[in-house]
Amino acid sequence: MKAFLTTRGPKAIGPYSTAMVHGGLAYLSGMLPIDPATGTLVADDVQAAARQALQNIAVVLEEMGSGMERCVKVTVYMRDMDDFAAVNTIYQQYFGPDYPARSAVQVARLPMDAPLEIEVIAALDAE
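If you read the sequence shown in the numbering used here, its first letter stands for residue 10, the second for the next number, and so on.
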């Protein structure tokens, strides 16, 4: 097992690694919609938040030698399940046509009061 800390994506806001690598897979920590340049959340608009979180994930995966097309599992945590369709509109721009397995979960609150947080498991090795 090996820890990975990003140099291009947002810095961790707590005591955790950006990702852990094990068995040819990258297990990314939940990604908030943080602007890496400022360390602050993007606007509270859920689509802007989804776009930023997914862009952060794409940057980290690229840095690790993987990519969005290598994601095998995605978990989306949302403050409001009524935002599901709006998030899907952005989500489809980052994945497809073979979408990864996914769960969507409504939660009471997220760090920094973010509207969503997204975590992924992605393959690193070629299959």
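The C-beta atom is built at its ideal place from N, Cα and C for all residues, glycine as well. Computed from a predicted model, the values in this text were never measured in an experiment.
{"query": "Cα-Cα separation between Pro19 and Ala58, rounded to whole angstroms", "result": "14 Å"}
{"query": "Cβ-Cβ distance between Ile43 and Val51 below 9 Å", "result": "yes"}
{"query": "Supposed contact pair Gly33 and Ala132 - C-beta distance, whole angstroms, cut 8 Å", "result": "6 Å"}
{"query": "Straight-line gap, Asn65 to Leu125 (C-alpha atoms, nearest Å)", "result": "13 Å"}
{"query": "Span separating the alpha-carbon of Asp122 from that of Thr16", "result": "24 Å"}
{"query": "Alpha carbon of Thr98 to alpha carbon of Ala67, nearest angstrom", "result": "17 Å"}
{"query": "Phe104 (DSSP reduced to helix, strand or coil)", "result": "coil"}
{"query": "Where Ile127 falls, given that 16 or more other Cβ within 10 Å makes a residue buried", "result": "buried"}
{"query": "Span of the beta strand (DSSP E) around Ala110", "result": "Ala110 to Gln115"}
{"query": "Bridge-paired residues (DSSP) for Phe13", "result": "Ala28"}
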